[in-house]
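*Asks:* Sending over a structure as structure tokens; questions will come in a sec.
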């Protein structure tokens, strides 16, 4: 495709950040203002497991059914407004979803709708032990579908950012080696991918913004859009008259979400997050430019899900006095019962959450929660064994004995792992609206991924008085999961605060503030342009979110826990 010499900016919005996101967001995005492309991100590690279990029940399933229901309301509206739709809702069965979209279009009297799909990510033949095995593809297949005139493109497991790089490359005619432009689109895609997280959702300083702009600000945040330019720069914004807000802080927070080092690798390009420059261009408008890109790595990441066994849990409510003693008695009684059982669960995990307060005015406020989780490969071992042990204590344990809910049957849990395959061994296929199957090109150049040398630190703040206070008074944070690892990104809003944070929040200090990380490998990555640090905590989440090995299995609250921890902060920053 020849590049248009004067292409207009591409307005691309996002209506879904996960499978289950706000249903009416697609209609809001289509009616709220001008768009060229509307994307939807429906896939995550846990979603692939859910879709894999759906496919076990019915081989014709395996895609996000919500997307079809949204199209039933909105496909005519999209066609009327000339908005093309690109979504990864195809999950494990993009061909099946494409057929369902065609059938829906015919039923709605929109039979001229051109539907295409992308496939080739399914790697189960290579990993027969896995319930799902999918390579993370890039945007080239989407580009081919759009260049062939598709109105709707559905994919399987592509990277979240591919939903933006594919349309941008089609619109501007970018080639596969235009790495800086592609990297800019990757960064835009990463900001858009989680929907309202870029418009004030889950934002560390939400209370401050609510106080400044009005309490209703975040009651119903709109979804974001990007105005992408031919050089790869963009402006992140949202439709007028929608809730939430877009500023440098909300964009910074999303840039740090579920990332690792300064090199953000993907199948299209490796984007250099250390080159990102953010500028507040106006109300609800943040410009992103300066992004540099490098050739992608020679391998593609693949996500594997398998059924790991069965789990069960029971939460004992401990009220009033002697909480520790009540917990110890319960634990001893349950452990004795499990030891006497015909089979003891392979994994038994206890956690006591001291949610109780002295002299509490309500019973709930006077209560702590003792959580027991068991896992095993046998359903009965975590089902009947645990149920019997817990229920038989009802009249024979601590005073005030009760549970939040009686334990039931064991439920299956999944295990996620990442693998890597050579990119030239994966057929990335665009199935065009006329049925033609076209192999999507991949760039010939690759670059083995290496960590960057740490950037020079700014000079520290001069000595001065300090006050013991929560880190969150001066720093924002956002955290998330990558398989069994967690990341927590921390950023500040002034140069002086960055001078302090860069020297204060070392790996050792993080381990002190978050003792659960003390025995784990923690890697710090510096992003001076964003005044940010990103920490990767390896192994914190065990076998991934589907295994539910931790109280917060996706590390969503890890950053907020860090912000709540106290340390000595220079008074000049407070």
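Residue numbers (my numbering): 116 to 689. Glycine residues also receive a C-beta, built at the ideal position from the N, C-alpha and C atoms.
I'd like the span of the alpha helix (DSSP H) that includes residue 209, first residue to last.
*Replies:* Counting along the chain, the alpha helix (DSSP H) containing residue 209 begins and ends at 209 to 222.
*Asks:* Output the boundary residues of the alpha helix (DSSP H) element that contains residue 203.
*Replies:* Unbroken run through residue 203: none, as it is neither H nor E.
*Asks:* Under the rule that 16 or more other beta-carbon atoms within 10 Å means buried, what is residue 209, buried or exposed?
*Replies:* Buried is the call here.
*Asks:* Could you tell me whether the segment 432 to 446 touches the segment 561 to 573, where touching means 3 or more Cβ pairs closer than 8 Å?
*Replies:* At 8 Å Cβ cutoff, the stretches do not touch.
*Asks:* Are the beta-carbon atoms of residue 152 and residue 199 separated by less than 7 Å?
*Replies:* Cβ atoms of residue 152 and residue 199: closer than 7 Å.
*Asks:* In the DSSP output, what is residue 644 paired with across the bridge?
*Replies:* Beta-bridge pairing links residue 644 to no other residue.
*Asks:* With a threshold of 16 other CB atoms inside 10 Å of the CB of residue 563, please say whether the residue is buried or exposed.
*Replies:* So residue 563 counts as exposed.
*Asks:* Just tell me which of 182, 139, 144 and 143 has its CA closest to the CA of residue 157.
*Replies:* It is 182 whose Cα lies nearest to the Cα of residue 157.
*Asks:* Quick check on DSSP: helix, strand or coil for residue 606?
*Replies:* Strand, per DSSP.
*Asks:* If I measure Cβ to Cβ from residue 213 and keep anything under 6 Å in the same chain, skipping five residues before and after, which residues do I get?
*Replies:* Counting only Cβ-Cβ distances below 6 Å, and skipping sequence neighbours, we find 230, 232 and 269.
*Asks:* With a cut-off of 8 Å, do at least 3 Cβ pairs link the segment 575 to 587 to the segment 615 to 635?
*Replies:* Taking 8 Å as the limit for Cβ pairs, the verdict is that the segment 615 to 635 does touch the segment 575 to 587.
*Asks:* Could you give the first and the last residue of the continuous alpha helix (DSSP H) run that contains residue 299?
*Replies:* Its alpha helix (DSSP H) spans residues 294 to 307.
*Asks:* Distance check for residue 373 and residue 419, CA to CA, integer angstroms please.
*Replies:* Their backbone Cα atoms lie some 18 Å apart in a straight line.
*Asks:* Label residue 506 either buried or exposed according to how many other C-beta atoms from any shown protein chain fall within 10 Å of its C-beta, with 16 as the threshold for buried.
*Replies:* So residue 506 ends up on the exposed side.
*Asks:* In whole angstroms, what separates the C-alpha of residue 309 from that of residue 541?
*Replies:* So the two alpha carbons sit approximately 27 Å from each other.
*Asks:* Classify residue 146: buried if its beta carbon has 16 or more other beta carbons within 10 angstroms, exposed otherwise.
*Replies:* That one is exposed.
*Asks:* Grab me the residues of residue 234's own chain with a C-beta within less than 7 Å of its C-beta, minus the 5 sequence neighbours each way, in chain order.
*Replies:* If we look at residue 234 and ignore the five residues flanking it on each side, its Cβ neighbours are 209, 210, 271, 544 and 546.
*Asks:* I need the straight-line Cα distance from residue 595 to residue 631, nearest angstrom please.
*Replies:* Between residue 595 and residue 631, the C-alpha separation is close to 15 Å.
*Asks:* Quick one, are the C-beta atoms of residue 122 and residue 287 less than 7 Å apart?
*Replies:* Yes, the Cβ-Cβ distance between residue 122 and residue 287 is below 7 Å.
*Asks:* In the structure shown, what three-state DSSP assignment does residue 265 receive?
*Replies:* Looking at residue 265 - three-state DSSP - the assignment turns out to be coil, as it is neither helix nor strand.
*Asks:* In this structure, how does DSSP classify residue 510 when only helix, strand and coil are distinguished?
*Replies:* Three-state result, residue 510: coil.
*Asks:* I believe residue 370 touches residue 391 by the beta-carbon criterion, under 8 Å. Please report the beta-carbon distance rounded to the nearest angstrom.
*Replies:* With 8 Å as the limit, residue 370 and residue 391 qualify as a contact, their Cβ atoms being about 7 Å apart.
*Asks:* Taking a contact to mean a Cβ-Cβ separation below 7 Å, would you say residue 601 touches residue 656 in this structure?
*Replies:* It is a contact, given that the beta carbons lie within the stated cut-off.
*Asks:* Does the distance from the CB of residue 416 to the CB of residue 294 come in under 7 Å?
*Replies:* For residue 416 and residue 294, no; Cβs fall outside 7 Å.
*Asks:* Note down, in chain order, each residue of its chain lying with its Cβ closer than 6 Å to the Cβ of residue 128, except the 5 sequence neighbours on either side.
*Replies:* Excluding positions up to five away in sequence, the list reads 144, 150, 153 and 340.
*Asks:* With DSSP as the reference, label residue 537 as helix, strand or coil.
*Replies:* Correct three-state label for residue 537: strand.
*Asks:* Return the Cβ separation of residue 747 and residue 403 in integer angstroms, given the expectation that the two are a contact with Cβ distance under 8 Å.
*Replies:* Absent from the model: residue 747. The displayed extent of the chain is 116 to 689, so no value can be given.
*Asks:* Look up residue 491 in the DSSP assignment and give the residues it is bridged to.
*Replies:* For residue 491, which the question treats as bridged, DSSP gives the partners 425.
*Asks:* Between 354, 585 and 314, which lies nearest to residue 678 when the distance is taken from Cα to Cα?
*Replies:* Of 354, 585 and 314, the residue nearest in Cα terms is 585.
*Asks:* Is residue 561 helix, strand or coil by DSSP?
*Replies:* Coil at residue 561, not helix or strand.
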